[in-house]
Ligand SMILES: [Zn+2]
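Numbering (the working numbering), first residue to last: 140 to 263.
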């Protein structure tokens, strides 16, 4: 009963003040959180985490000895990702940082090279 009341109150609030996608500002559906499916599908993922000798590892190993490195997305000018990074850095949308951090955690938690990570260095 308590969950029903909580969901009802949340739906009522969303009816008058719909949550908007942080990428494109369209109203989110009840099953979307922070970013709509359309924007998620436009994110240019690298999938570097699946390759132990990916371009990030190759580039960083010329500077210092590292065990593993990855990048979540390719940066593209005038892309949905650029808009999201701008929102994160300059518009106080910290939930985007949580979104990308959680996404990265989900991708890496089963990858052997990232099981004993000692440092994470975010580079926007
Ligand atoms: Zn969107």
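In this text, a Cβ means the ideal position worked out from N, Cα and C, and glycines have one as well.
Judging by CA-CA distance, which residue of the options is the nearest neighbour of residue i?
i	options	result
residue 217	183, 173 and 204	183
residue 234	162, 143, 202 and 150	162
residue 171	205, 201, 153 and 185	153
residue 214	181, 158, 166 and 200	181
residue 173	256, 203, 254 and 241	241
residue 206	176, 236 and 188	188
With DSSP as the reference, identify every bridge partner of residue i, one or two as the case may be.
i	result
residue 178	Per DSSP, none; premise fails for residue 178.
residue 159	166
residue 172	174
residue 184	212
*Which residue spans inside the stretch 199 to 247 form an unbroken alpha helix (DSSP H) run of at least 4?*
219 to 229 and 233 to 247
*Say whether the stretch 190 to 200 touches the stretch 236 to 246, bearing in mind that this needs 3 or more beta-carbon pairs closer than 8 Å, one atom from each stretch.*
no
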